[in-house]
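Chains as they are written, first to last, in this note's numbering: chain A, 17 to 325; chain B, 17 to 325.
Using N, Cα and C, we set each Cβ at its ideal position, and we do this for glycine too.
Only a predicted model underlies this, so the values are computations on that prediction, with no experimental measurement involved.
So the structure is just underneath, and the comments pick up after that.
Number of protein chains: 2
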Amino acid sequence: MQMPGPARYVMAARLAKRLVLSCFLTTAAAPALAAGELLWNPLDPDNTVYLELQEGTVVIELNPVFAPKTVKQFKKLLSERFYQGLSFYRVIDGFVAQAGDESDIGKASKIPTLEAEFQIDWPTRPRDKNKAKNWQPLSWTPVQKGDPFAPYTGFIDGFPAARDKETGGKAWLTHCPGTFAMARNDGADTGRTDFYIVIGQAPRYLDRNLTIFGRVVWGMDVVQRIKRGPTLKNGIIVKDLDRSWIKSMRLASSLDPAQRLDIWVADTNSEGFKQMLRARRDRNDKFFHHKPPAVLDICQVPVPVRLEN
Amino acid sequence: MQMPGPARYVMAARLAKRLVLSCFLTTAAAPALAAGELLWNPLDPDNTVYLELQEGTVVIELNPVFAPKTVKQFKKLLSERFYQGLSFYRVIDGFVAQAGDESDIGKASKIPTLEAEFQIDWPTRPRDKNKAKNWQPLSWTPVQKGDPFAPYTGFIDGFPAARDKETGGKAWLTHCPGTFAMARNDGADTGRTDFYIVIGQAPRYLDRNLTIFGRVVWGMDVVQRIKRGPTLKNGIIVKDLDRSWIKSMRLASSLDPAQRLDIWVADTNSEGFKQMLRARRDRNDKFFHHKPPAVLDICQVPVPVRLEN
Numbered sequence: 017m018q019m020p021g022p023a024r025y026v027m028a029a030r031l032a033k034r035l036v037l038s039c040f041l042t043t044a045a046a047p048a049l050a051a052g053e054l055l056w057n058p059l060d061p062d063n064t065v066y067l068e069l070q071e072g073t074v075v076i077e078l079n080p081v082f083a084p085k086t087v088k089q090f091k092k093l094l095s096e097r098f099y100q101g102l103s104f105y106r107v108i109d110g111f112v113a114q115a116g117d118e119s120d121i122g123k124a125s126k127i128p129t130l131e132a133e134f135q136i137d138w139p140t141r142p143r144d145k146n147k148a149k150n151w152q153p154l155s156w157t158p159v160q161k162g163d164p165f166a167p168y169t170g171f172i173d174g175f176p177a178a179r180d181k182e183t184g185g186k187a188w189l190t191h192c193p194g195t196f197a198m199a200r201n202d203g204a205d206t207g208r209t210d211f212y213i214v215i216g217q218a219p220r221y222l223d224r225n226l227t228i229f230g231r232v233v234w235g236m237d238v239v240q241r242i243k244r245g246p247t248l249k250n251g252i253i254v255k256d257l258d259r260s261w262i263k264s265m266r267l268a269s270s271l272d273p274a275q276r277l278d279i280w281v282a283d284t285n286s287e288g289f290k291q292m293l294r295a296r297r298d299r300n301d302k303f304f305h306h307k308p309p310a311v312l313d314i315c316q317v318p319v320p321v322r323l324e325n
Numbered sequence: 017m018q019m020p021g022p023a024r025y026v027m028a029a030r031l032a033k034r035l036v037l038s039c040f041l042t043t044a045a046a047p048a049l050a051a052g053e054l055l056w057n058p059l060d061p062d063n064t065v066y067l068e069l070q071e072g073t074v075v076i077e078l079n080p081v082f083a084p085k086t087v088k089q090f091k092k093l094l095s096e097r098f099y100q101g102l103s104f105y106r107v108i109d110g111f112v113a114q115a116g117d118e119s120d121i122g123k124a125s126k127i128p129t130l131e132a133e134f135q136i137d138w139p140t141r142p143r144d145k146n147k148a149k150n151w152q153p154l155s156w157t158p159v160q161k162g163d164p165f166a167p168y169t170g171f172i173d174g175f176p177a178a179r180d181k182e183t184g185g186k187a188w189l190t191h192c193p194g195t196f197a198m199a200r201n202d203g204a205d206t207g208r209t210d211f212y213i214v215i216g217q218a219p220r221y222l223d224r225n226l227t228i229f230g231r232v233v234w235g236m237d238v239v240q241r242i243k244r245g246p247t248l249k250n251g252i253i254v255k256d257l258d259r260s261w262i263k264s265m266r267l268a269s270s271l272d273p274a275q276r277l278d279i280w281v282a283d284t285n286s287e288g289f290k291q292m293l294r295a296r297r298d299r300n301d302k303f304f305h306h307k308p309p310a311v312l313d314i315c316q317v318p319v320p321v322r323l324e325n
């Protein structure tokens, strides 16, 4: 059977209980599934990064929809093995771990600065029929209306995101634990190579102020072992020995398939995921003696990930 | 000079710039200070716990105001070196690290179960004059009105907390990264020895459902290195070698003073801290091209801590 789209695992919502391998071509196939089924997607090797540290392996999913220019330049740097031998030089526990060529803190760099990609216009169907033919709508799985930091939050293909309007308007990726973003100076267009990973309580006040271009999908425990700097000195780590170093940072598609991890990410558009959202919002479990308010923090909704052997 | 209260450091709000040692008997002395000064408090050795792991040292501040019974039994266990040789047997990255005698997952235990201490009545001045003489009001530094999970959030002597009314009403400690709480089964009064530390995005839906009785004040980077269990199997770690073990867990007052760390915690009642709150809420820095909403997440406000040599 010819498969133009990625293969997908389908799984009962009760995680890891029953595993049925099945093939669906697009999300459009989902309605054919029994209610509550959770779809699993593989990662696209052309938008997946393997970050190898002394501490272990971290897998990052890039997001070219929200940050096409940043992702393009970043991939070029990866192909040049730019990050190999660089380090996490600014690490503040509970906040961010930052790595790169240190141009963000004043070191000279020949890498071009990047245009800010803080938010996008919600994509609407082109009026031109030819353009409309290949046009793909963005998916949106709503999570919270009236979030403190945004009018609407939700998931866009696995990524925590926010919008200013229910239809149309602006959309942006939110700063949650595991968020992968480009550091910059005061100027909006001053990012270059230095990226950061959020390692603590979501610093949502940074939303729409920095270019988020990916998220950690595997190895946050590894990221949490990255060596910290002094919090009261802005996290800057002076001594080489006190830093965590990048052994390699490469695009999955440049690796031998045997070297890649067989990672499957829950489809945030699938009915099973939406059912998980409902169960988290409305907690009827007898464990809860005080019923929590029916609200969801977009950064406190885990997107399940599985590693197949 | 006789000092009935703890000595305090006073410091200009610009952290670590100018350090002036000074003695104040109570917070009431604060108005005599120049505006914006940040007070620092030492930890009370009778309510401070040293948790020694292979990964390093963690310092926890207990809260007997909110959980007097839990703290009392916990201190008794510490004095018996109960936790020495026990392990973190349930660890879910981004959620909690749980340790103890595993009675929470069904192991037999002779330790008595604890009464739930999920919230307190806001203490009001006793009508009886004699009782009122020694009565101490609770401090409250407001952070957010209309937080998604509580009508009011704020700090109570360094602890992130919430209330249902602006005056009086109920008060409770909130689940934030670093929160130290007692695990339990479905019954409210089933906690015993198994505690957990929050290691990820604040699970605020647990507020008022578990007894929070402390917070990590030093060594969250160490906590973040605790070995994780499999997320899809509820974090339970089967093999001994895959777990992080407790070398010792003792009350600071039982340690030789020379063995203790000289830790100072920012006073959340001090004018300097309130100034920090205002600056975080109203971000006028030129770094911000999109001005963030003027809201504060109680769990995303770091309480500064310093280690003196």
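- Beyond the five residues adjoining it in sequence on each side, residue 200 (chain A) comes within less than 6 Å, by CB distance, of 206 and 207 in the same chain, given in chain order.
- At a cut-off of 8 Å between C-beta atoms, residue 105 (chain A) does not count as an interface residue with respect to chain B.
- When the beta-carbon positions are compared, residue 99 (chain B) and residue 259 (chain B) stay at least 8 Å from each other.
- Below the 8 Å Cβ cutoff, chain A contributes 217, 313 and 316 as neighbours of residue 218 (chain B), in chain order.
- By the neighbour-count definition (other C-beta atoms within 10 Å, threshold 16), residue 248 (chain B) is an exposed residue.
- Around residue 138 (chain B), the same chain offers 154, 179, 181, 183, 184, 185, 186 and 187 as residues with beta carbons nearer than 8 Å, after the five sequence neighbours per side are excluded.
- Proximity of residue 221 (chain A) to chain B, defined by a Cβ-Cβ separation below 8 Å, is satisfied.
- Taking one beta carbon from each stretch, the region 261-275 of chain A and the region 61-72 of chain A have 3 or more pairs nearer than 8 Å; the two touch.
- Along the region 109-129 of chain B, the positions whose C-beta sits under 7 Å from a C-beta of chain A are 109 and 110, read in chain order.
- In chain order, 109 and 110 make up the part of chain B whose C-beta sits under 8 Å from the C-beta of residue 236 (chain A).
- According to the DSSP assignment, residue 154 (chain A) belongs to no beta strand (DSSP E), since it is labelled neither H nor E.
- Listed along chain B, the residues sitting closer than 9 Å to residue 204 (chain A) by beta-carbon distance are 305.
- Between residue 219 (chain B) and residue 110 (chain A), the beta carbon gap of about 16 Å keeps them out of contact (Cβ cut-off 8 Å).
- In the displayed model, residue 311 (chain B) falls within coil according to three-state DSSP, outside both helix and strand.
- Under a criterion of Cβ atoms nearer than 8 Å, the residues of chain B adjacent to residue 240 (chain A) are, in order, 109, 215, 240 and 241.
- At least 8 Å separates the beta-carbon of residue 78 (chain A) from that of residue 175 (chain A).
- Looking from the CA of residue 81 (chain B), the closest CA among B:136, B:289, B:91 and B:285 belongs to B:136.
- With a contact defined as Cβ atoms closer than 8 Å, residue 134 (chain A) and residue 226 (chain A) qualify at about 7 Å.
- Against chain A, the CB of residue 167 (chain B) has no partner CB under 8 Å away; the residue lies outside that interface.
- Here the alpha carbon of residue 316 (chain B) sits roughly 12 Å from the alpha carbon of residue 215 (chain A).
- Within the region 278-309 of chain B, those residues whose Cβ lies closer than 7 Å to any Cβ of chain A are, in chain order, 299, 302, 303, 304, 305, 306, 308 and 309.
- Contact between residue 287 (chain B) and residue 52 (chain B) holds: CB atoms are separated by about 6 Å, below the 8 Å threshold.
- Under the Cβ distance rule, residue 193 (chain B) counts among the residues neighbouring chain A, one pair being separated by less than 8 Å.
- Cβ contact annotation for residue 311 (chain B) (same chain, cutoff 8 Å, sequence separation greater than five): 160 and 297, in chain order.
- Proximity to residue 157 (chain B) across B:293, B:269 and B:308 peaks at B:293, based on C-alpha coordinates.
- At a cut-off of 8 Å between beta-carbon atoms, residue 176 (chain A) makes no contact with chain B.
- Here residue 124 (chain A) carries a coil assignment [DSSP, helix/strand/coil].
- For residue 114 (chain A), the number of other beta carbons within 10 angstroms of its own is at least 16, and it is reported as buried.
- Distances from the alpha-carbon of residue 246 (chain B) to those of B:125, B:108, B:101 and B:143 put B:108 closest.
- If you look at residue 176 (chain B), you'll find it in the beta strand (DSSP E) that goes 175-179.
- The beta carbon of residue 76 (chain B) sits closer than 6 Å to the beta carbons of 65, 196, 230 and 232 from its chain, once the five residues preceding and following it are set aside; these are given in chain order.
- When 9 Å is used as the limit between beta carbons, residue 134 (chain B) is near these residues of chain A: 305 and 306, in chain order.
- Considering only B:58, B:130, B:211 and B:264, the residue with the shortest C-alpha distance to residue 85 (chain B) is B:130.
- Under a criterion of Cβ atoms nearer than 8 Å, the residues of chain B adjacent to residue 244 (chain A) are, in order, 237.
- Taking residue 171 (chain B) as the centre and dropping the five residues before and after it, the same chain places the C-beta of 157 and 284 closer than 6 Å to its C-beta, in chain order.
- Proximity to residue 263 (chain B) across B:119, B:74 and B:58 peaks at B:74, based on C-alpha coordinates.
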